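Numbers 15 to 306, taken from my numbering, label the letters of the sequence shown in order.
For each residue, glycine too, the CB sits at the ideal point set by N, CA and C.
From a predicted model like this one, the values you see are computed outputs, not experimental measurements.
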Amino acid sequence: MKVTDTKDNRIPPTQSSKNFFEDRKETFFSHNKNDGSHFFTYNTAQKRTNDKQFLTNQGLTANGNPVSGVNKTSNNSLVQAKKKPLSGFSKPREIFLPNDTKTEKKVYEAIKQSPIIGPFIKDKIKAGVKIQGSVKYHYKRDSFEESYSDIGNRDDDIKSIGGFYDRKNKKIHLPPSPRIESLVHESIHKFSHNFLGFTTFIHEGLTQLFTNTVLVENGLSKGSTYKKELKVAEAIRDKVGGLKNLSSLFFAGGPKKLRDALFKNPKSDFGGFIQLARKKDTKKLIEYLKNH
Ligand SMILES: [Zn+2]
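Right, dumping it as structure tokens:
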């Protein structure tokens, strides 16, 4: 999507950029594609059905609350599920004001309180991992794109990304007119393991699956990005026995444990899977997961 100027671009930068890619060589990163094509053409009735199906798939009722039997472990689990820190937002692509740490805190709370994700990031929360204060807002698209290239990206469409995470410096980067979906997506990167060994295609699909989880839990619709990647992520979710199992692997277990959970002969099967993932062949990847 070509990003046009908005009045947000005129807000002067106030944030220091002192830890701005000091050492760019080995920086890991990921990104969030932000082409708006689906958002404006998406059929509303179809969307509702999809959202309902999505909730059912992850053991939630249409209100976003857990179905009975899920999350009954503590007295206040129902209250937690009912909390919706992102309730002030009406759609995933809503733009928020840069340098608004209140929004960053809301995203942090939404992830921390998620019945699906929360239980598996307790160590990180305890260790002080936060979203508030870890976002670098760019006030010019040029500056954002320059930073993105500087950490070594080559083959992605630089014009369409809506954010990226600099894993080495633990910093989220957002372009002018940042969107709430992008902040959630990049925050998921911050709390999860690095799955780039699974290829960017799989890494982004898994990240978007949990981005959508948080959005839907908070009464928003699913995001509009990474549709192809998401299909494979859903097949991975089903193969490991559901979203909670996948969550434990994605946020706590790590890539090797996911590999071992996915394949009958992890070492030999993984190579074939990665070859297909590099080709971004959704159909063959789903087929491969069924047969290995
Ligand atoms: Zn991403």
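Local Cβ density within 10 Å of residue i, reported as buried at 16 or more and exposed below that
{"i": "residue 297", "result": "exposed"}
{"i": "residue 291", "result": "buried"}
{"i": "residue 207", "result": "buried"}
{"i": "residue 274", "result": "exposed"}
{"i": "residue 236", "result": "buried"}
{"i": "residue 177", "result": "buried"}
{"i": "residue 160", "result": "exposed"}
{"i": "residue 191", "result": "buried"}
{"i": "residue 180", "result": "buried"}
{"i": "residue 201", "result": "buried"}
{"i": "residue 120", "result": "buried"}
{"i": "residue 163", "result": "exposed"}
{"i": "residue 258", "result": "buried"}
{"i": "residue 279", "result": "exposed"}
{"i": "residue 204", "result": "buried"}
Chain-order list of residues whose beta-carbon lies under 6 Å from that of residue i (same chain, five-residue window excluded)
{"i": "residue 150", "result": "185, 187"}
{"i": "residue 218", "result": "240, 243"}
{"i": "residue 97", "result": "127"}
{"i": "residue 2", "result": "This structure cannot speak to residue 2, because the chain is shown only from 15 to 306."}
{"i": "residue 295", "result": "none"}
{"i": "residue 261", "result": "130, 131, 134"}
{"i": "residue 287", "result": "302"}
{"i": "residue 141", "result": "none"}
{"i": "residue 271", "result": "263"}
{"i": "residue 289", "result": "none"}
{"i": "residue 108", "result": "194"}
Close-in-space but distant-in-sequence residues of the same chain around residue i (CB under 7 Å, 5 per side omitted)
{"i": "residue 304", "result": "none"}
{"i": "residue 111", "result": "none"}
{"i": "residue 139", "result": "126"}
{"i": "residue 103", "result": "194, 234"}
{"i": "residue 61", "result": "A caution first: residue 61 carries a pLDDT of 44, below 50, which makes its placement in the model unreliable, though a value can still be read off. 235."}
Integer Cβ distance of residue i from residue j, believed to fall under 8 Å
{"i": "residue 224", "j": "residue 131", "result": "6 Å"}
{"i": "residue 100", "j": "residue 194", "result": "7 Å"}
{"i": "residue 277", "j": "residue 306", "result": "5 Å"}
{"i": "residue 238", "j": "residue 133", "result": "Not quite, the Cβ-Cβ distance comes to about 28 Å (not below 8 Å), so this is no contact."}
{"i": "residue 269", "j": "residue 209", "result": "5 Å"}
heavy atom of ligand 3 below 8 Å from residue i C-beta
{"i": "residue 221", "result": "What this structure holds is ligand 1, not ligand 3."}
Contacts around residue i, its chain only, beta-carbon distance under 8 Å, and the 5 residues preceding and following it disregarded
{"i": "residue 293", "result": "none"}
{"i": "residue 300", "result": "245, 246, 249"}
{"i": "residue 229", "result": "100, 106, 195, 198, 235, 236, 237"}
Sufficient close CB pairs (3 or more, under 8 Å) joining the stretch 240–249 to the stretch 110–120: no
The stretch 139–147 contacting the stretch 197–216, beta-carbon criterion three pairs below 8 Å: In the pairwise beta carbon analysis, the stretch 139–147 is classified as touching the stretch 197–216: at least three pairs are separated by under 8 Å.
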